[in-house]
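Numbering (our numbering), first residue to last: 284 to 516.
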Ligand code: 5RP
């Protein structure tokens, strides 16, 4: 994914931002470009209040003097702009490559409008080529992992590797919420609704990276511009 394509998508999303809005700020390299560009507008006096989907984005936004609100006391979120790891023709997403899926989903799901900024490399016919991140509580993680593996088998998704996401030093990665991430190497997810529903039922699963009815539009950046795919299309 080229930086030009990312920037074009981010700039197009910036056109959707109106004075006085409360914005949800996504996580990842594409969202970071959006936050940088928003910071430039704020410096010129543009009035917005934001909530961040990760500590990293929060730190970036604060370093740019973007006014940040506490999610619990913030007014309703008008618009969230975030990246994605995959999107399909129904604008269903896989997210969590940057381990921020829990906060990303809480914020995206509470937003009036959720817009994804990405490029065509993330466009798939069927979700699942990107390993599906599942955020789990550290307590009893081995048991939760076994339950996830068993559930995949019951769904007929056999032989799928489930890996605990690790830091470079080999320790399990800790999310901003103090959880771990299981990456499900599904290759293909034939029934994303079913998989999402059963994962939701497993004790110890905090959240999964299937964002199935949340995105309103995807802005696909290219080298020369953007194409927007909206839910109504
Ligand atoms: C983080 C995410 C990111 O939005 C996703 O990984 C895309 O990142 P990038 O814009 O760097 O490709 O879901 O949890």
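Cβ coordinates follow ideal geometry from the N, Cα and C atoms, glycine included.
From a predicted model like this one, the values you see are computed outputs, not experimental measurements.
Here residue 504 carries a strand assignment [DSSP, helix/strand/coil].
A Cβ-Cβ distance of about 5 Å is found for the pair residue 407 and residue 369, placing them in contact under the 8 Å criterion. Beyond the five residues adjoining it in sequence on each side, residue 414 comes within less than 8 Å, by CB distance, of 446, 466, 467, 468 and 469 in the same chain, given in chain order. Annotation for residue 307: the continuous beta strand (DSSP E) segment containing it runs 305-308.
Check the Cα spacing between residue 317 and each of 443, 411 and 299: the tightest is with 299.
In the three-state DSSP reduction, residue 343 falls in the helix class (H, G or I). Residues of the same chain with a CB within less than 6 Å of the CB of residue 435, apart from the 5 flanking positions on each side, are 443 in chain order. CA-to-CA, the gap between residue 420 and residue 388 works out to about 17 Å.
Here residue 302 is exposed, its C-beta having fewer than 16 other C-beta atoms within 10 Å. The residue among 375, 384, 296 and 345 with its C-alpha nearest the C-alpha of residue 336 is 384.
Assignment of beta-bridge partners to residue 416 by DSSP yields 466. Around residue 352, the same chain offers 305, 332, 333, 334 and 358 as residues with beta carbons nearer than 8 Å, after the five sequence neighbours per side are excluded.
At least one heavy atom of the ligand 5RP lies closer than 8 Å to the C-beta of residue 384. Closest in alpha carbon position to residue 478, among 328, 439, 341 and 505, is 439.
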